[in-house]
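Per our numbering, the very first residue in the first sequence carries number 314; after that it's consecutive.
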Amino acid sequence: MDKTYDPHAIEARWYHFWESRNDFAPKGVGAPYCIMIPPPNVTGSLHMGHAFQDTIMDALIRYHRMLGDNTLWQAGTDHAGIATQMVVERQLAQEGKTRHDLGREAFIERVWEWKAQSGGTITRQLRRMGASLDWSRERFTMDEGLSDGVKEVFVRLHEEGLIYRGKRLVNWDPVLHTAVSDLEVLPTEESGFLWHLRYPLADGNGFVVVATTRPETMLGDAAIAVHPGDERYAHLIGQLVDLPLTGRRIPIIADDYVDPAFGTGCVKITPAHDFNDYAVWQRHRDTTALQAVPYNGLINIFTVSASIISSDTPGAELIPNDFRGLDRVAARKLVVEEFGAAGLLEKTDDHKLMVPRGDRSGAVIEPFLTDQWYVKVAPLAGPAIKAVETGEIRFVPDNWKNTYFEWMRNIDDWCISRQIWWGHRIPAWYDEQGDVYVGRSEDEVRRKHKLGAHVVLRQDEDVLDTWFSSALWPFTTLGWPENTPELKTLYPTSVLVTGFDIIFFWVARMIMMGIKFTGQVPFREVYIHGLVRDSHGQKMSKSKGNVLDPIDIIDGIELEPLVKKRTAGMMQPQLAKKIEKATRAEFPNGIATHGTDALRFTFASLASNGRDINFDLGRVEGNRNFCNKIWNAARYVLMNTEGQDCGQNGGEVELSVADRWILSRLQTTVREANEAITSYRLDFMAQSIYEFTWNEYCDWYLELSKPSLLNPASTPAQVRGTRRTLVHVLETLLRVAHPIIPFITEEIWQRVAPLAGIQGPTLMLRAYPTVNDALVDPAAVKELEWVKQFVLGVRRIRSGMDISPGKPLPILLQNGSTQDAGFLASNRQFLQTLARLESIAWLTANDTAPESATALVGDMQLLIPLKGLIDKNAELARLAKEIDKLRANLERAMAKLATPSFVDRAPADVVAKEKERAEETRMALVRLEEQQVKIQAL
RNA sequence: GGGCGAUUAGCUCAGCGGUAGAGCACUGCCUUCACACGGCAGGGGUGGAUGGUUCGACACCAUCAUCGCCCACCA
């Protein structure tokens, strides 16, 4: 083995090995365990969030595979409608074209080409992460099978009246020219103005003043509303005002929606361009007052691009000439100007408001009147709420269910149609009269509705919201609507692993659709992890220039390419300089190679319950060092076992205290690891493995194995015992750690397993370790603890007195018990080697100890004669420090024991423990104080 | 306006009703035959504030402060 761990050399090889053997596929026997990957955007690339999430899922999957479960991690990608279409449209724009220049078919062809070209990136990167997805079952949301599932669901919901088409206000993206759902709108606080506009009363008796943040919409005003109880305006209700600029007259109506305390207490009502106003309109639409307004009050003033409509559009006759065709910004300016010029602008106040922006385009979203398809959600939400209430689905951590409930109990109908081309086209056809027919295909529609060939049918132009197909992912990937064997055995799936940001987008909708179409929940548990942020808690984003690419952490990257990567293709190029500077400051030498295992171990360590994680490269570095530590421990083990008798072929074996101790500690680690991963605490699992490996196996056991192996007096049975323990513990440890760090463990395991008498092609398919109670050995643990205290005592003296670590020391013992004598007898060899002792000798109680430095192991005193070794002051200082510490402890304990309420009311065992502790401290203190006096006297 | 989470060492974070932990960073010593991506020994925290429950609170409860997130129709 190489002296230094080199992740590159091992990672590619093993992934290919596993995949080519089809080791990721479910075995078909055992308890079912299944995770659906949240399908990444097919043309996207891996970011830190994926890497984190995939590490968690892969650890769970590998763990269950090792448990012998029938394990499937379903692979696949998402077509990501709007996102993908935007990318291709941007490419076209560079050629000076729009999608309309190509036409629908050619454009879609172009997107498929783009998918073919870039679609392999993310799956390649997932492989780099070691993700053991079953690629043989890979699915894409626009596959034939999944598309059939989408149509099936659409048709069935439509038949039940749970999908309907309707004209109503939607969130309209005027840049993308499509409707979007409520969830795709991000309200953002921005600075604006509150304009106070005067609307003259028709009877000539002055004005009403309305406050608005969107003056341009006044062109579509249908009414003025006041609160019915507002005495200031009671006399105006039913009157008309002259709507400036338009020559129209509109009524003053009363509605509870108005808050008399805000603004002037008068609100302009623009039903076609505001959700609240639309609701007011619905309550008043049948009143004569509104019926007198053109279009019954529902006056649209915008085109799909949010410009004012022009003369060839119905409604344009209501718009003054100089406004027609203006975009909304210009129209706003002109409205304000003209109000000002007419003396109708009362005042303009600065105002903070929430501006709705599209999550993809960033454009200001317009409430806009269009025909769209909707899912009636309430009937689906009921059972979905119940499933979580009854615990059929469990959220981890539990508190996320509150978020879920809150949304589900207030859910609105879901707008599922999108005016884009890339996606599942809506399975609905129109005849020339505009009648709509829904079916799985045009043929089916014709048959079902007896439409002859002479009837011209035109399919709906729109496609479905991407999340519609995602909602079906857990069952369509398993073959639904066919009742496949996979669906029968692996559904409901075991756990869904995801971020809280898509509980609404995805989790809730999967639960609704899953229950509706399979009669069962889609998953038993939902594990919600936090978001990956940068080391200071900032969200990673291109514009902040703080994005880390997981692949760069794995492979390393030079400074110049890193700078280039971070500053290329900026939406705001002016930020590039700052980002470059910050990047050069943070990574003066670029990013070093860390390897996949180190990155995965880091994610696991950070995966504590549910909170966001601040990603610190320092931790990856520490974990890379940890991998190196394992690597070198393995080298040591192999150097001492390969080609040697490790007892794998029988032969007498004798275990030392150290052997028994490490085997016992191993059981604890195995137990902790199992408990941790079962409760989704990969951080505990990682910590447990780290501490055992470094602080016990390496720091102590490997050192303890040296005297045993090197001592010529060791018997063959003893040497065999040590070798076997070295190998056995390492082999077990590799299995324990494999779900988190698959590559390095497999690489080492291949060489270690035969020495442990294990034959098998791959660690990945070996059994996950379970606790062997026969190896739990408290006596060995106690005895070795004594050895450690002994060694540590000597080392502290060395360090405190500045004695060279290599210098063998003579040591005298005094005041030992029978147990101490026994321990010494069986561990003399260990002590001499680890503490570098020249000799160990007992003093009787009557012997006068020479001037010495002292340490305590329980009641026993270790004495290292000072003669020629040190200066008195150093030892005095060391003693003084120890004594201070002990005194403080003793005082605290004594104070506690002197409190009657404590002694009376605390549990007896706590009091006893406190007494014992006080007594031990007191004894130790006495010893050290005697010693202090002695040294002082020199 | 509601709801949730966070506040522990210089930094990033665990934990726990019974004497505060890890990684990184820091100090001293050590090129010891697995590992300098290392070894040994150290330094460093009045646990955001206030009050309460308790024999005992960093932990449980209440209030407050600060930060972050989610939801919400105030024009």
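C-beta: ideal position from N, C-alpha, C; glycine also.
Best match in the options for proximity to residue i [C-alpha to C-alpha]
i        : options                                   : result
Ile-563  : Asp-748, Ser-618, Val-521 and Arg-469     : Val-521
His-329  : Glu-1151, Trp-1099, Asn-1186 and Glu-1060 : Glu-1060
Asn-383  : Lys-801, Glu-774, Thr-390 and Asp-756     : Lys-801
Lys-1185 : Ala-1166, Ala-1201 and Leu-1175           : Ala-1166
Gly-458  : Ile-550, His-737, Ser-1018 and Ile-1116   : His-737
Gly-1113 : Val-1089, Ala-1168 and Glu-1164           : Ala-1168
Tyr-1081 : Ile-350, Leu-359 and Leu-380              : Leu-380
Pro-633  : Lys-689, Leu-558, Gly-578 and Ala-655     : Leu-558
Leu-1150 : Thr-1131, Pro-1123 and Asp-1160           : Pro-1123
Gly-542  : Asp-569, Asp-534, Ala-524 and Asp-662     : Asp-569
Thr-703  : Arg-837, Leu-930, Glu-1096 and Asn-1202   : Arg-837
Ile-612  : Lys-660, Gly-675, Met-531 and Arg-545     : Met-531
Residue i, buried or exposed, once every other Cβ within 10 Å from all chains shown has been counted against 16
i        : result
Ala-538  : buried
Met-1173 : buried
Val-1223 : exposed
Pro-1055 : buried
Asn-936  : buried
Glu-324  : buried
Ser-494  : buried
Pro-886  : exposed
Gly-389  : buried
Met-825  : buried
Tyr-1014 : buried
Gly-1106 : buried
Ser-449  : exposed
Glu-1204 : exposed
Asp-534  : buried
Tyr-993  : buried
Gln-1244 : buried
Gln-438  : buried
Short Cβ contact (7 Å threshold) for residue i with residue j
i        : j        : result
Leu-1199 : Thr-1234 : yes
Pro-513  : His-586  : no
Cys-347  : Ser-730  : no
Phe-708  : Val-839  : yes
Val-776  : His-471  : no
Asn-1154 : Leu-1189 : In the sequence on display, residue 1154 carries Ala and not Asn. Result no, Cβ atoms of Ala-1154 and Leu-1189 do not sit closer than 7 Å.
Val-1089 : Ser-1018 : no
Thr-312  : Ile-867  : Absent from the model: residue 312. The displayed extent of the chain is 314 to 1251, so no value can be given.
Lys-464  : Pro-740  : yes
Met-349  : Trp-786  : yes
Thr-1045 : His-1051 : no
Ile-374  : Ser-445  : yes
Ala-986  : Cys-940  : no
For residue i, three-class secondary structure by DSSP
i        : result
Asn-589  : helix
Gly-394  : helix
Thr-954  : helix
Trp-974  : helix
Asp-456  : coil
Glu-426  : helix
Lys-1180 : coil
Tyr-750  : strand
Gln-685  : strand
Pro-1052 : coil
Ile-537  : strand
Ala-1221 : helix
Asp-367  : helix
| query | Residue ranges of each alpha helix (DSSP H) run of no fewer than 4 residues wholly in the stretch 1123-1157, ordered along the chain? | reply | Whole alpha helix (DSSP H) segments, 4+ residues: 1131-1147.
Secondary structure, alpha helix (DSSP H): runs of 4+ residues fully inside the stretch 871-945: 872-880, 889-899 and 909-919
Where in the stretch 589-656 do unbroken runs of the alpha helix (DSSP H), each at least 4 residues long, occur, reported from the N-terminal end onward?
601-604 and 641-654
Scan the stretch 688-742 and note each continuous beta strand (DSSP E) run of 3 residues or more that stays entirely inside, going in chain order.
707-709, all fully within the stretch 688-742.
Exercise. Can you check the stretch 494-533 for any beta strand (DSSP E) of at least 3 residues that lies completely inside it and give the ranges in chain order?
Key: 498-513 and 520-525
*Uninterrupted beta strand (DSSP E) stretches inside the stretch 548-583 (no shorter than 3 residues)*: As far as the stretch 548-583 is concerned, its whole beta strand (DSSP E) runs of at least 3 residues are 553-556, 561-567 and 579-582.
Q) Of all the beta strand (DSSP E) runs that stay within the bounds of the stretch 812-846, which reach a length of 3 or more residues? A) 836-842
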